[in-house]
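J.:
There are 2 protein chains.
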Amino acid sequence: MAATDSDGQDLIDALVGVSFAAMAVLTRIGAEHDLSLTQVRVLGILRDRRVKMSELAEYMGLDKSTISGLVDRAEKRGLLGRTQNSVDGRVVDVFLTAEGTELAERGAAQVARSLSPMTGRLTRTEASRLTALLETLLR
Amino acid sequence: MAATDSDGQDLIDALVGVSFAAMAVLTRIGAEHDLSLTQVRVLGILRDRRVKMSELAEYMGLDKSTISGLVDRAEKRGLLGRTQNSVDGRVVDVFLTAEGTELAERGAAQVARSLSPMTGRLTRTEASRLTALLETLLR
DNA sequence: TATTGTTATACTCTATAACTATA
DNA sequence: TATAGTTATAGAGTATAACAATA
Numbered sequence: 001m002a003a004t005d006s007d008g009q010d011l012i013d014a015l016v017g018v019s020f021a022a023m024a025v026l027t028r029i030g031a032e033h034d035l036s037l038t039q040v041r042v043l044g045i046l047r048d049r050r051v052k053m054s055e056l057a058e059y060m061g062l063d064k065s066t067i068s069g070l071v072d073r074a075e076k077r078g079l080l081g082r083t084q085n086s087v088d089g090r091v092v093d094v095f096l097t098a099e100g101t102e103l104a105e106r107g108a109a110q111v112a113r114s115l116s117p118m119t120g121r122l123t124r125t126e127a128s129r130l131t132a133l134l135e136t137l138l139r
Numbered sequence: 140m141a142a143t144d145s146d147g148q149d150l151i152d153a154l155v156g157v158s159f160a161a162m163a164v165l166t167r168i169g170a171e172h173d174l175s176l177t178q179v180r181v182l183g184i185l186r187d188r189r190v191k192m193s194e195l196a197e198y199m200g201l202d203k204s205t206i207s208g209l210v211d212r213a214e215k216r217g218l219l220g221r222t223q224n225s226v227d228g229r230v231v232d233v234f235l236t237a238e239g240t241e242l243a244e245r246g247a248a249q250v251a252r253s254l255s256p257m258t259g260r261l262t263r264t265e266a267s268r269l270t271a272l273l274e275t276l277l278r
């Protein structure tokens, strides 16, 4: 095998390593705003959609009872709101408040800045190529 | 700008997306063995080294008191052990037991298998290229 | 009856502060 | 005095089980 060949395990290690690094950045920036990684993710998901409690549970791979608690705490902080769905009375819709939206935007900008020392090591071409490869992984 | 150009935000989104997907896999496989993501990470770190409590805290970005609790629970399950360092009596070294090692090996194989539907979408050349790009990000 | 969501409970993860032991 | 680690405490995240409301 040539030296440029990846043996598969190298790819896994690199993926896991980059993932933990990205999670560390999200955790740190979240902490600056008193948000756990889980809450950061909730804000990220709600940033461009209004969802049902059950959809949020599905997206995040968490139990509905866990979502109730997460939404409780974020709602108490004024970051998001709940409304009863008018079509199906059992359903509760969740959405970002103006304050939650503002925080999500600011956080996203901070994440981009924090990752730029990493992503800045790539040329434009490399960045494009990496984006394409990662998107292939995501389907 | 050409269609193949990445605008920077796309790269961030792809990185974060892949990272959450990787964390989901690690969380799920951990859960099958009654391990939290944090415990999975402890096992991963100890897989190829014996470390001091304080080093573990440093690696993981967690407080030393948190590490005490994590190590307590894993030790109680027989996955790792503590020994007093013979050179500096204040230091406690942590290491995997045979059972912990075995679990870490099995878990790593499971992770590789679970990610293969994702990584399998790439040709050998693409996998090599992706590995190299990710390693560039990691320095 | 089935589905959506909440609540009660128990355990893990996490940091802060106070402590013990060693250097 | 300074450093390494533990313990007590409190709050957040998590799942399971039991429940209420709606379909």
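Protein sequences, first through last, are from chains A and B. Residue numbering for the first sequence follows this note's numbering, starting at 1 and increasing by one per position. Residue numbering for the second sequence follows this note's numbering, starting at 140 and increasing by one per position. Note that beta-carbon positions come from the ideal geometry of N, C-alpha and C, so glycine has one too.
Would the region 188-203 of chain B count as touching the region 243-262 of chain B if we require 3 or more Cβ pairs under 8 Å?
T.: no
J.: For residue 91 of chain A, name the three-state secondary structure that DSSP assigns.
T.: For residue 91 of chain A, the three-state secondary structure derived from DSSP is coil.
J.: Quick one: is residue 101 of chain A near chain B, going by C-beta distance under 9 Å?
T.: Judged by the 9 Å Cβ criterion, residue 101 of chain A is not in contact with chain B.
J.: Residue 80 of chain A by DSSP, collapsed to three states: which one?
T.: Three-state DSSP puts residue 80 of chain A in a strand.
J.: Relative to the C-alpha of residue 33 of chain A, which residue among A/105, A/83, A/87, A/139 is closest?
T.: A/105
J.: Please determine, among A/46, A/80, A/56, the residue with the shortest C-alpha to C-alpha distance to residue 99 of chain A.
T.: A/80
J.: Please confirm whether residue 19 of chain A has its beta-carbon closer than 9 Å to some beta-carbon of chain B.
T.: yes
J.: Indicate whether at least one CB of chain B lies closer than 9 Å to the CB of residue 53 of chain A.
T.: no
J.: Checking contacts by CB at 9 Å: is residue 274 of chain B closer than that to chain A?
T.: yes
J.: Who are the near neighbours of residue 54 of chain A in its chain, counting only those whose CB is closer than 7 Å to its CB and skipping five residues on each side?
T.: If we look at residue 54 of chain A and ignore the five residues flanking it on each side, its Cβ neighbours are 64.
J.: Could you tell me which chain B residues have their CB closer than 7 Å to the CB of residue 91 of chain A, listed as they occur along the chain?
T.: Per Cβ cutoff of 7 Å: no residues; residue 91 of chain A is ~25 Å from chain B at best.
J.: Between the alpha carbons of residue 4 of chain A and residue 118 of chain A, how many angstroms are there, rounded?
T.: Per-residue confidence for residue 4 of chain A stands at a pLDDT of 48, beneath the threshold of 50, marking its modelled position as unreliable; the derived number appears in the next sentence. Rounded to whole angstroms, residue 4 of chain A to residue 118 of chain A spans 22 Å at the Cα level.
J.: Which residues mark the beginning and the end of the alpha helix (DSSP H) in which residue 268 of chain B is found?
T.: 263-276
J.: Using a beta-carbon distance below 9 Å, is residue 208 of chain B in contact with chain A?
T.: no
J.: So, do the region 13-30 of chain A and the region 156-165 of chain B have three or more beta carbon pairs nearer to each other than 8 Å?
T.: yes
J.: Is the Cβ-Cβ distance between residue 87 of chain A and residue 51 of chain A less than 9 Å?
T.: no
J.: Name the DSSP bridge partner or partners of residue 96 of chain A?
T.: A/80
J.: Quick one, which of B/181, B/268, B/223, B/207 has its alpha-carbon nearest residue 125 of chain A's?
T.: B/268
J.: The alpha helix (DSSP H) with residue 180 of chain B in it runs from where to where?
T.: 176-185 is the extent of the alpha helix (DSSP H) around residue 180 of chain B.
J.: Is the CB of residue 4 of chain A under 9 Å away from at least one CB in chain B?
T.: Low local confidence applies: a pLDDT of 48 at residue 4 of chain A is under 50, so the model's placement there is unreliable, and no value is given.
J.: Under 9 Å between C-beta atoms, does residue 258 of chain B make it to chain A?
T.: For residue 258 of chain B, the answer is yes, since a Cβ of chain A falls inside 9 Å of its Cβ.
J.: Is the shortest distance between the beta-carbon of residue 277 of chain B and the beta-carbons of chain A less than 9 Å?
T.: yes
J.: Tell me which same chain residues have a C-beta within less than 8 Å of the C-beta of residue 97 of chain A, skipping the five on either side of it?
T.: 78, 79, 80, 81
J.: Residue 275 of chain B and residue 122 of chain A look like a contact to me (Cβ under 8 Å); what is the Cβ gap, rounded to whole Å?
T.: At roughly 6 Å, the Cβ-Cβ gap stays under 8 Å, so residue 275 of chain B and residue 122 of chain A are in contact.
J.: Could you tell me the distance, in whole angstroms, from the CA atom of residue 84 of chain A to the CA atom of residue 205 of chain B?
T.: 40 Å
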